[in-house]
Structures are given as C-alpha cells and as structure tokens.
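Order-wise, the sequence lines are chains A and B.
full-length UniProt numbering puts the first residue of the first sequence at 1, with every later residue one more than the last.
full-length UniProt numbering puts the first residue of the second sequence at 1, with every later residue one more than the last.
Protein chains: 2
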Amino acid sequence: MHLNVLSQAVPSPLFEGLWRHPDDRSATGYRTMSHWTSVARKLEAACVDALFFADIHGVYDVYGGSAAASVRHAHQVPAIDPVLLLPALAAATEQLGFAVTYSTSYHAPYQCARVFSTLDHLTDGRVGWNIVTSDLRLAASTGLGTYIPHDERYDRADEYVEVVRALWERSWDAGAVRHDAAADVFTDPAAVRAVTHQGRWFTVDAAHQCEPSPQRTPVIYQAGASDRGTTFAARHAEVVFVTLNSAKRGAETVARLRRRAEEHGRGPDALRILQGMPVLLGRTDEEARERAEQFTALSSPGGLLAKWCGWVGVDLAAHPDDTPIAEILTEDGRSVVGFLASAAPDRAWTVGDVRDFIATPRRPHRFDRLMLFGTPEQVADRMEEYVEVAGVDGFNLFPCPPSSGIDDICDLLVPELQRRGLFRKAYDPAETTLRERYFGAGRRDYLGASER
Amino acid sequence: MHLNVLSQAVPSPLFEGLWRHPDDRSATGYRTMSHWTSVARKLEAACVDALFFADIHGVYDVYGGSAAASVRHAHQVPAIDPVLLLPALAAATEQLGFAVTYSTSYHAPYQCARVFSTLDHLTDGRVGWNIVTSDLRLAASTGLGTYIPHDERYDRADEYVEVVRALWERSWDAGAVRHDAAADVFTDPAAVRAVTHQGRWFTVDAAHQCEPSPQRTPVIYQAGASDRGTTFAARHAEVVFVTLNSAKRGAETVARLRRRAEEHGRGPDALRILQGMPVLLGRTDEEARERAEQFTALSSPGGLLAKWCGWVGVDLAAHPDDTPIAEILTEDGRSVVGFLASAAPDRAWTVGDVRDFIATPRRPHRFDRLMLFGTPEQVADRMEEYVEVAGVDGFNLFPCPPSSGIDDICDLLVPELQRRGLFRKAYDPAETTLRERYFGAGRRDYLGASER
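Written as structure tokens, this is what we have:
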C-alpha cells in the first residue's frame, strides 16, 4: 500500500477553522522551515511514500463577491510557495518523497522543466510533479494568465507536457557530461541537442539547461476527475488521485482509469491510483467521537462557504435562496451536482439548501462516508476495503486536524497497517528514487524514457 | 566594509575552464545541497554579508552559431535554478544573507512577489533580489518572453517594480494577521486590500498572497551600467554593483550614482555601492604568481569566447578577422568598445584582435588591473584604495578559483581586513535582517516602506 500525506503551505491546510485547534502548529509554522522539517522527519520515520503539497495562485473572492471570507478564515491565504520548501526538506531527510503542485497555466514549460530538474537533483530523485491546469478564474486578477475553457486547457497541458518531457528526456544523452579535464570537455556537445517545438501554444528551440537528474522526469501526479481530465491522466500520469464515494461504487472508476491508460498504449501496471480522503483518528471510539465533535465545533462556516464558492465559481450569497443550484453552476461546477445528488438523491437542491449543507458545522454523517474516521482498527478496515474492493493502490491522506493529525497518522494508523502487513516497516534501500518507491527498484519504463 | 561573495549554480562559476582545477568541488557539487551548505557555512563563519547567486535562462549559442562551445566548456550550462537553494541554505545558517538574480522578463510580477515573500519568510528576512531585465536574446528560443529593446526593458522593469512593491508594502497592513480564535478571525479582512494596477505592461487586481514577511520588500540589488540602467538603479536599488576600471577614475562614477539617487528624492545614504571584482589570493608573492599561472593555464579559450560572444551578442567566428569590431556590435555591446578602448586606447580593434584578446590564455596584465590579485596584504591595500579613493561601500567578490577561492577569501583575506579594522569580526546581533546588515539596525526607511 502506498501512502501520501497531503498538506499545503497555508495556516489551516484543507480544514477551514482548524487553525484554532489547541494542538495546532500550522497557523504560524506554515511559513517556517522548522515546522516543515519536523513534519517531513515525522513522515519519514513512519516510512510514508511522500509529502504532497497542494497549491493555488491568487486569492478566492467568489463568496460575497470579495476576498473577505477567504482572508478572514485563512482559506488558502496567506499561502507561501511550496516549491521553495522541497530542497530544504530533502536535506533534512533521506528517503521521504516530495510532490508539489505546479500549474501549466502560470509558468512557461522551459521554466517548469528547469525547476523540476533542479528539484530532482537537489532531492536526489525524490520529487513528483502534480500537474494542474488551474481553474484560471484567478488568472485575470493576478495577471498570471488568461482564461481558457476547461477542455482546451487540457489540450494546452498535453502540449505542455510534450515540451517538458522532451527537455527532460531527449535534450541530454546519458553520459553527455564527461568531466574530461585533459581534453577540456565538460560536456560533449554532440550529446546535447536543442528541443525544437513549434506548436499551437508553445515554441521552444533550445537545449535544456540542466544535465540529466536522477529521475529525469519527476513522477507525474494528476487528479483530474472530468472526462477530459481522465484522458489526460491516462495519457501522462503515474500516480492518480481519485475521490471515490465508496469502495464498491469506486471499483468501476478505478478499472476504467486503468483501461483508459491501456488504451493509450500503456501497461496494465502504469498507474498507481490513490484514494484521497481526510483521516480523523482516535485511540478509542469515544476519543474519535470527541475529536469529531471538536472538529465540527472548530470548523468555520464562513471559511467553508469561501472554499466551496471559490472552488465551484458560484457566489451562493448572490442568488435568492430558492434558486435551483443546477441553474447557476458554471462549466467547472457541473460535477458538483452529481456530488450533491449522491449525498441526497431525492432532493432538488436550491441555493439555500446548498448553503446550509456547506456551512452547517455539525454534519456527523460526513465522518463515516467521506472521511476515514474512527479508531486505527476501524480506519485500517476501511482502507483494506478500498484496496480490495475498489482496487486502489493506496491513499492520499488529509490529516485532520492539520497538525496533530499528522502525528495520529504516524503514531496510530501506520503501526496498525504495519501490524496487518499492509504497509512497509522500512524503506527498501534498493528503491532510491520516488518512481522506484511506487513502481519497484530498477523500474525505468516510465513514459518518455522510451523516447531516448 | 560590506562583502558579498558571488557565485552561480553552475559547474565553473564565472571562470571558464576552472572546473579542471585540482581543488575544484563545483563541477559535481553545484547540483547538490551539501556543496552549497558547506559554502554558506564557510561564508557565515567569516561574517560575510551575503552569498549572491548570478543566474541565466537559456543556453548561449552565439559563438560559432551554436551552443557547442557553451556546452563543451560548461559556460553557464548546465545550470540549476538558484532560487531553490535559498531556504535550505538559510536553514543551515543563522546570519548569512542571500541574494538571487531573478528576471523581470521571465516571471509575472504577481509570481515574483510571492517567491520573494516566501524566501523572506523562510530566511527570516535575510534575502535580497538582484533585479535583471535579461538581455532577451534567449527569450525567443526558450519561449520565456519576447525581445524588447534595451531602454524599453527598463521602462517595463520600472512598472514591474511598482507592482511588486505595491504587493509587498500596501496589500497587507501590519497586524492584519490576528490569530483571534475566539472571534474566528485569522486575518482582519479590512486590513488586506487588492493591489489594483492597470499599466502598459501589467494588470493586477488581487491581494498579495503572503502575509508581511520580516523585510516585506527584499533588499534590492541592481547592476545596470548603461545610462538607463543607472537611472533604474538610482530609482530602485539599495545595493548597486559597479565595475570600476580603477579606484581613481571610479570616484566620479560612484559620486554620480549617489547624486542620481538624490535626484530621485532619495537620501545621501540610500545606496550601498559594491565594486565587483575577481579575487585571486596567495599567501606569498610567489604563491600568488604560481596560482596566476595555474589560472591562466586552466582557462578555456573556447569557453571565454562562448562567454564573450554570448554576452555581447556578436559571433566573432562569423566575420573576417580584419572587420572593425565597432561595426558589428549590437546595441547591448556598445559599452564593450569603451572597455576595449580602455585596455588599449591607441588600438583600432578588429574582430581578430578581439578574438585573440579574449581567447589568449596568458594575460598577466589582467591580474593587477581587473582582479584583486596578490597576497592578502596587497589585496587589502587595493580594497582600501577603492573605499577611500573611489568611495565604494564594499565589494562583490568573485572567488577564483571558484571552490578554493572561497576558502582563500575566508581564511586569508577576511582575517587581514579584520586585522585592519575594516571588516566585522562578528555579526551585530541587533541587525536581524539583510537590510539592517547594510543600513544599520532599525533601518526601516527603505523605498516603498513610506507607502504604508
């Protein structure tokens, strides 16, 4: 089983209001190296595969037509740039992998290729790239990009990945760097070539600036859930995040993803599919329930609304309560209808219903359906079910609460998984890169490698 | 006296061919954290102000019409992204400052503002930004930008700095972050505002993504030598790099820079002007001469040509030897004529002359004119002269050879400067930020701060 732990370099990662938890260390720690170093060391001691950083550019200002709710509740703002944390965290650890979200919409591919080659060098091959196209509603306000419709964004991202792969895999031959002092040859010029690309979106005619790094191409993560996003994942991704509503119903989603990858000419073993879920643990039933109560009490309704409205792109404060929600959802929000329908199939959701559903702090039913909640034994049981029934390869865990939840994963959950023989008790020393951690030592047949 | 040490995350920083030096550690070390950590710790033990990273985007391909010479001689290629080194180096040190080159042409201002706020948080206020506009000849081939004429680049950079300053200084009030758990207020929304800018080059209408960092605005470094570059420095820079040909003739340049800053409404104390020079030390006259011989022997003519042609934008291999050099220089290369004229005023430089001048490895006259060369006593004498006669505030030192040259600066030169009372023997604990290191503890009246 593979375990990623997800975080974000913000005061209250993922859970709005939880910076108020008495054991919180994120509210001020998120902008310090010492905080993240101790998180990374803790995860490494538990043999976790990778620490994964979500990221965002800009400040969500949908709810109430302003950024006030996001700012007040620290919904992804303030947020430092997580890419800058990775080399220091790698220096503080030896085996833990790191993956970071980096947008194809806000950085030129030549720059992206250099950033990840640098990260791969400085982490000794322990880096992954979570490809996002960004929803781009914030692109205009930040001046970072221009709005592009959803599917077209993925067309652009396809071309983007083509360019960066070429820079990583085809520009420098293995052994190009000679260090031949006698002949005054540092690098053999015949073994380095310009990548020449002239496409719809990008033009490059230059050699890559970095010599080959341990992995060359970072491990490619992706989480697109739309049909076009799934196609993108099937084509490019190695680690895919899914959010299955149940183990049983999720089996078909997992099988379809693997099938789609095969349709794109990739092997049956090409994907590692990780179920993304919050995890809230207690040593006993009673402690778990107490913590659930505390979680509910500390959640910020305003923060939850800022998050949901920003995510979906609809201001729930701007429409009469009885407006059917389906009428006001934008292109990117359509999938939300399905999500709500699955939560209450018989209900004709209105704006008021949705607002109450999002903002009501006490939603105990959520703790068993959408969260890995309970004692380590109960949570391990559910994880086993996801592996066996849905066929996932592991989990992307969202620690809840953000700070002490990391300790709980390492101190309570991992030992239970290890006891059951479901999770490693030590890193395999033969697996020296993050790709080998996922696919086994010596694994080299990742996408793009064959181009050499 | 202020001392910066300049390097670059490349195998042979600044000196082409010197990766072949027997004591070299850069050729493979440049892409590892451990190498840079040991460099930073060494500089911190010597109480140096800051480690400064030059940078470049792309691969120079002017000489011979291809990248072959640059690649062969490792002239700034391979090159990792130095920005990614800083948080880890700050974690490995406590007082040393760090400055990094970051181009206004290749990154959006909103992104730049976030990167430097992140760096300033993670380094506890020890970061500086060397503003470059990039020469942009490589912009087309890398797809990172489009060519803009020299002076217009600076107009654009003026606007760029205006935008990032506004994000750093005006978007978040001091005390905006409340951590008020009882009121469920992380940040007071009334104390955070969008920066609204619609200019010729940039449009932004968003709040800064980061809460105020220790320095807010990083220390601004600049090195523009052209008239337009000098105006830019006078307007924005706090630390200015100059390359004076002699202490005596440099006095007027230094005085003019300070005058220009005052003309822009800044105080007489607004600039720290650092003379940039290579330094090659020996314990004795004889050792210094031996090392000069060795330096000359290890210099790569091909690398020097790749560097010079890339820098000036002219392919010396593409013109008959008797072509007058002034005829083929581009806009950016005009200043070179003055430089060559100062080296040999009576000579009518041809392409062949220049090529021989650049590529001839044995140029002993260079060691006294353009280099701080000799015993620690001799070098300290010359540095004193620059401070007293030219009026500079310190130096930006280019260690030669790149690896052992750092040791020589720390072990031979700094002790001599300390013995003379010219350089600190310990960091002043009251100076907690890099800005305070340059301008004194409590100094807060930097550009932009008054905007709050």
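Backbone N, C-alpha and C define an ideal beta-carbon position, used for all residues, glycine too.
A quick note: this is a predicted structure, and the numbers were derived from the prediction, not measured.
Checklist entry - Between which two residues does the alpha helix (DSSP H) containing residue 418 of chain A stretch? => result 414 to 419
Checklist entry - If you check the beta carbons only, do residue 119 of chain A and residue 397 of chain A fall under 8 Å apart? => result no
Next on the checklist: For a minimum of 3 consecutive residues, which ranges assigned as the beta strand (DSSP E) are wholly contained in the segment 173 to 260 of chain B?
Outcome noted: With a minimum length of 3 residues, the continuous beta strand (DSSP E) runs that stay inside the segment 173 to 260 of chain B are 177 to 180, 185 to 187, 195 to 198, 203 to 206, 219 to 222 and 239 to 242.
Checklist entry - Using a C-beta cutoff of 8 Å, does residue 295 of chain A count as contacting chain B? => result Cβ-Cβ to chain B under 8 Å: no for residue 295 of chain A.
Checklist entry - How would you list, in chain order, the residues of chain B whose beta-carbon sits under 7 Å from the beta-carbon of residue 108 of chain A? => result 143 and 144
Item to check | Rounded Cβ spacing between residue 82 of chain B and residue 55 of chain B (contact assumed at less than 8 Å) | outcome: 5 Å
Checklist entry - Cβ of residue 138 of chain B within 8 Å of Cβ of residue 57 of chain B? => result yes
Checklist entry - Using the rule of at least 16 other Cβ atoms within 10 Å of the residue's Cβ for burial, across every protein chain shown, is residue 70 of chain B buried or exposed? => result buried
Checklist entry - Is residue 314 of chain B helix, strand or coil when you go by DSSP? => result coil
Item to check | Same chain, Cβ closer than 7 Å to residue 144 of chain A, five either side skipped, listed in chain order | outcome: 57 and 106
Checklist entry - Looking only at C-alpha atoms, which of B:164, B:265 and B:219 sits nearest to residue 204 of chain B? => result The option with the nearest alpha carbon to residue 204 of chain B is B:164.
Item to check | Whole-angstrom C-beta distance between residue 302 of chain B and residue 35 of chain B, which should lie under 8 Å | outcome: Not quite, the Cβ-Cβ distance comes to about 25 Å (not below 8 Å), so this is no contact.
Checklist entry - Which residues bound the beta strand (DSSP E) around residue 128 of chain B? => result 127 to 132
Item to check | Short CB-CB distance (under 8 Å) between residue 152 of chain A and chain B | outcome: no
Checklist entry - So, are the CB atoms of residue 50 of chain B and residue 17 of chain B less than 8 Å apart? => result no
Next on the checklist: Report the CB separation of residue 242 of chain A from residue 276 of chain A in whole angstroms; it is logged as a contact under 8 Å.
Outcome noted: 7 Å
Checklist entry - Could you give the residue range of the beta strand (DSSP E) that holds residue 273 of chain A? => result 272 to 281
Next on the checklist: Counting only beta-carbon separations shorter than 8 Å, does residue 210 of chain B have a partner in chain A?
Outcome noted: yes
Checklist entry - Residues of chain B with CB under 7 Å from residue 72 of chain A, in chain order? => result 185, 186, 187 and 189
Item to check | First and last residue of the uninterrupted alpha helix (DSSP H) at residue 370 of chain A | outcome: Looking at the DSSP string, residue 370 of chain A is not in any alpha helix (DSSP H), and its letter there is neither H nor E.
Checklist entry - Which class does residue 97 of chain B belong to by DSSP, given the choice of helix, strand or coil? => result strand
Item to check | Chain-ordered chain B contacts of residue 399 of chain A [CB-CB under 8 Å] | outcome: Neighbours of residue 399 of chain A on chain B: none; closest Cβ ~19 Å, over 8 Å.
Checklist entry - Mind listing which residues of the segment 72 to 89 of chain B have their C-beta closer than 8 Å to chain C's C-betas, in chain order? => result Chain labels in this structure do not include chain C; the protein chains are A and B.
Checklist entry - Using the C-alpha atoms, what's the distance from residue 221 of chain A back to residue 19 of chain A? => result 28 Å
Checklist entry - Between residue 115 of chain B and residue 286 of chain A, what straight-line distance do the alpha-carbon atoms span, to the nearest angstrom? => result Spanning the two alpha carbons is a distance of roughly 44 Å.
Item to check | Span separating the alpha-carbon of residue 280 of chain A from that of residue 400 of chain A | outcome: 5 Å
Item to check | Contact residues within the segment 10 to 24 of chain A, judged by C-beta distance below 8 Å to chain B | outcome: 11, 12, 17, 19 and 20
Checklist entry - Is there contact here, the segment 195 to 210 of chain B with the segment 160 to 174 of chain B, by at least three beta-carbon pairs under 8 Å? => result Touching, yes.
Checklist entry - Going by DSSP, what residues sit across from residue 7 of chain A in a beta bridge? => result A:53
Next on the checklist: In the DSSP output, which residue or residues are listed as bridge partners for residue 324 of chain B?
Outcome noted: B:350
Checklist entry - Measuring CA to CA, which of B:250, B:354, B:214 and B:348 is closest to residue 442 of chain B? => result B:214
Checklist entry - In the DSSP assignment, what residue or residues form a beta bridge with residue 399 of chain B? => result B:279
Checklist entry - Considering only the beta carbon of each residue, do residue 370 of chain A and residue 21 of chain A sit closer than 8 Å? => result no
Item to check | Contacts that residue 181 of chain B makes with chain A (C-beta to C-beta distance below 7 Å) | outcome: 20
Item to check | chain A within 8 Å of residue 111 of chain B, Cβ atoms only | outcome: yes
Item to check | Beta-bridge partners of residue 143 of chain A, as assigned by DSSP | outcome: Bridge partners of residue 143 of chain A: none, in fact.
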